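One structure is given here, and the rest of the page talks about it.
Residue numbers (the working numbering): 9 to 215.
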């Protein structure tokens, strides 16, 4: 194994990605389920004059699935909104250093949030807190939040380790961090995507 731990980092990134992918799939399934139930609720109330008992309570609890489960996945692929325009043009080492700083700040904030959200879960569990309408217990949803944040914290730790490796060797290929595409690469990808769509359309029109 290399001295810089590249193999171990790549393995940890790969295994953790499986967990993130699974959580993201659950979030996507939750969105589909909520849309289906919402349509059923509207049709039921409009056509059959009936409704799902406790619909609002179920929606409130289930919404936490798609609101939180995809956070770590988004961090891994860089799907969140980034403000990297000012960093373009600087050296790679400076870029990786700024990325590391941002990740460390995020880890500090997430650490605080994990503690506070876990305390919220404990209070809800000990007090038997429930929803207003059908008295669903809310502690499972509140426990989900610190769990997801803990998964995100590990993702940030993997990225911090990779940024440290990249600072030592700026030309090394990134492993556990999203790759920032230059404007030229982004434009080229958009051109290729547009050309691919045109070729597909032309092929469909041919007899």
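For each residue, glycine too, the CB sits at the ideal point set by N, CA and C. Bear in mind that the values here come from a model prediction, so they are computed numbers and not experimental data.
One thing to note: residue 108 has its Cβ within 8 Å of the Cβ of residue 175. Here residue 25 has 84 as same chain residues with Cβ atoms under 7 Å from its own Cβ, once five neighbours each way along the sequence are excluded. The criterion of a C-beta distance shorter than 8 Å is not satisfied by residue 143 and residue 129. Burial is judged here by how many other beta carbons sit within 10 angstroms of a residue's own beta carbon; residue 153 has at least 16 and is buried. Remark: three or more beta-carbon pairs, one from each stretch, lie closer than 8 Å, so the region 20 to 37 and the region 71 to 82 are flagged as touching. The DSSP-derived three-state label of residue 138 is strand. Straight through space, the alpha carbons of residue 141 and residue 41 are spaced by roughly 21 Å. DSSP lists 138 as the bridge partner or partners of residue 145. Distance between residue 68 and residue 16, taken at the CA atoms: about 40 Å. Taking residue 116 as reference, the option from 162, 131, 105 with the minimal CA-CA separation is 162.
Around the beta carbon of residue 23, a 10 Å sphere encloses fewer than 16 other beta carbons of the protein chains shown; the residue is thus reported as exposed.
For residue 31 against residue 80, the beta-carbon gap comes to about 7 Å, under 8 Å, which counts as contact.
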